[in-house]
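According to this note's numbering, the stretch in the sequence shown is residues 1 to 122, in order. Glycine included, every Cβ here is placed at the ideal spot set by N, Cα and C.
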Amino acid sequence: MRYDHRALSWPYPVLPEAWEPYDDARDYCGPEGRWYSAILSRYIWGIDLNKCYWAHDQRYRTGVTDADRRFADAAMWADQKACILAATRSWHPRRYAALVWARRRYRAVQWFGKAAFEEGKR
1 MRYDHRALSW PYPVLPEAWE PYDDARDYCG PEGRWYSAIL SRYIWGIDLN
51 KCYWAHDQRY RTGVTDADRR FADAAMWADQ KACILAATRS WHPRRYAALV
101 WARRRYRAVQ WFGKAAFEEG KR
């Protein structure tokens, strides 16, 4: 059965055939092989967002056009937000601090992700 990646969101109960399986032991945050990838944590305020970054990597890997890249970035933000909202209560300040940091990470991916997206197409 084939699944359209545009219809999928966190926590990813089904996967498109083209996506690689998720490996919890691997850290998907940051561009693989870059020196600064080691300092980027898969956690934001104690909330594990690794599956969000894995899905973003899969969308980058299978995407072709600039619209695919923009969709992957927007989906990453939506996934982070859904994960944070599910992990925290509405009254807890950690929820809002995590959302601020997740938004910063999303902006960084928007600004600097184009090179990684294009590099993956070579």
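Inset, instruction - Evaluate the contact criterion for the stretch 74-94 versus the stretch 8-16: three or more CB pairs, one atom per stretch, below 8 Å. - result: yes
Legend entry - Exposed unless 16 or more other CB atoms sit within 10 angstroms - verdict on F117: buried
Inset, instruction - Check whether the stretch 88-97 touches the stretch 105-115, taking contact to mean three or more Cβ pairs, one atom from each stretch, closer than 8 Å. - result: no
Inset, instruction - Whole angstroms is fine: what's the gap from K114's alpha carbon to T88's? - result: 31 Å
Inset, instruction - Pick helix, strand or coil for D27, following the three-state DSSP scheme. - result: coil
Legend entry - Rounded straight-line distance, which links the Cα of W91 to that of C52: 24 Å
Inset, instruction - Measure the alpha-carbon distance for S41 versus W101 and round it to whole angstroms. - result: 12 Å
Legend entry - Residue(s) in a DSSP beta bridge with I84: Partner(s): none; I84 has no beta bridge.
Legend entry - Proximity to A38 [Cα-Cα], best of I44, D48, I47 and D27: D27
Inset, instruction - Less than 8 Å between the CB atoms is what I'm expecting for R59 and A75, so what's the real figure, rounded? - result: 6 Å
Inset, instruction - With DSSP as the reference, please indicate the residues paired to Q68 in a beta bridge. - result: Per the sequence presented here, residue 68 reads as Asp, with Gln not at that position. None; D68 has no bridge partner.
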